[in-house]
Amino acid sequence: RKEVEQDPGPFNVPEGATVAFNCTYSNSASQSFFWYRQDCRKEPKLLMSVYSSGNEDGRFTAQLNRASQYISLLIRDSKLSDSATYLCVVPRGGSQGNLIFGKGTKLSVKP
Amino acid sequence: EAQVTQNPRYLITVTGKKLTVTCSQNMNHEYMSWYRQDPGLGLRQIYYSMNVEVTDKGDVPEGYKVSRKEKRNFPLILESPSPNQTSLYFCASSFRGLGANVLTFGAGSRLTVL
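As they're listed, the protein sequences go chains A and B. Here the first sequence is numbered in this note's numbering, starting from 2 and rising by one per residue. Here the second sequence is numbered in this note's numbering, starting from 113 and rising by one per residue.
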């Protein structure tokens with residue numbers, strides 16, 4: 002299994018749709034996980050942190066399944082402004098602040 | 113404003129001409145890191161630094177050097193750039209301890225080596 006693996010997409014969805022992305026990771030010792038959002042040609046920015054079973058912030062829900070070693074990001078009621086690439090991020094074992102980035106899943110929300 | 117500042121933002125250079133990309137943060141972060149981003153390969157770590165005078169290789173350090181003489185600055189040096197170093201480069205920083213994995217990125221430096 003690769004260290005962090007994501008479906009590259011693209012996911013093309015209409016406004017208002019619910020869309021979910023999955024990410025699998027190989028390091029079973031990882032305790033925290035992150036979703037970053039990256040707009041085209043811009044820097045990545047933190048979207049959500051996941052420290053236990055999950056986290057919810059408005060229309061965004063992140064869930065963690067430790068047994069199967071995957072995390073998911075659910076976006077409800079998609080907006081045009083949600084169009085971006087979503088990066089799954091897992092700390093490298095034993096090194097604080099040293100992160101492994103997935104290659105990202107591209108989301109395009111259409112009117 | 114809390115930020116990570118990279119310069120230059122865009123650069124076109126020629127093979128073998130030494131260049132430095134500067135990175136500066138004003139948040140008193142201990143941890144700083146350089147990434148390169150290429151189509152289909154995602155973000156790959158070049159070097160990182162846990163604190164002043166402490167640097168370590170990331171996944172793709174070949175052809176790069178870094179230094180951390182001051183807490184706020186973490187320059188990336190390409191001693192003899194080659195075309196395969198054409199890429200989008202990001203500098204990032206964070207605190208250690210709680211919040212260690214919440215990275216603040218610079219706006220990116222797009223480098224083209226001819």
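We treat Cβ as the ideally placed atom computed from N, Cα and C, and that holds for glycine.
Would you check if the distance between the CB atom of B/Gly111 and the CB atom of B/Cys135 is smaller than 8 Å? Residue coverage of chain B in this structure runs from 113 to 226, which leaves residue 111 of chain B outside it and unanswerable.
Let me see if you follow: with CB-CB separation under 8 Å, is A/Leu59 close to chain B or not? Going by the sequence as given, residue 59 of chain A is Gly instead of Leu. Closer than 8 Å: no.
According to a CB-to-CB cut-off of less than 9 Å, which residues of the region 151 to 177 of chain B neighbour chain A? Within the region 151 to 177 of chain B, Gly152, Leu153, Gly154, Leu155, Arg156, Gln157, Tyr160, Met162, Asp168, Gly170 and Asp171 place their CB atoms closer than 9 Å to a CB of chain A, listed in sequence order.
Does the region 25 to 42 of chain A come close enough to the region 79 to 94 of chain A to have 3 or more Cβ pairs within less than 8 Å? Contact between the region 25 to 42 of chain A and the region 79 to 94 of chain A is established, with three or more Cβ pairs separated by less than 8 Å.
Would you verify that the beta carbon of B/Val214 is, or is not, closer than 8 Å to some beta carbon of chain A? Yes, its Cβ sits closer than 8 Å to a Cβ of chain A.
Short of 6 Å in beta carbon distance, which residues of its chain neighbour A/Leu75, apart from the five on each side in sequence? Order them along the chain. Here the set comprises Ala21 and Thr62.
Using a beta-carbon distance below 8 Å, is A/Lys105 in contact with chain B? For the record, residue 105 of chain A in the displayed sequence is Gly; it is not Lys. Interface flag for A/Gly105 against chain B is set, since a Cβ pair is found closer than 8 Å.
Classify A/Gln32: buried if its beta carbon has 16 or more other beta carbons within 10 angstroms, exposed otherwise. It counts as exposed.
Give the list of continuous beta strand (DSSP E) stretches no shorter than 3 residues that lie fully inside the region 167 to 192 of chain B. Entirely contained in the region 167 to 192 of chain B, the beta strand (DSSP E) runs reaching 3 residues are, in chain order, 188 to 190.
Under the three-state DSSP convention, the category B/Ser205 falls into: B/Ser205 sits in a strand when the DSSP states are folded into three classes.
In angstroms, rounded to a whole number, what distance separates the CA positions of B/Arg184 and B/Gln115? About 11 Å.
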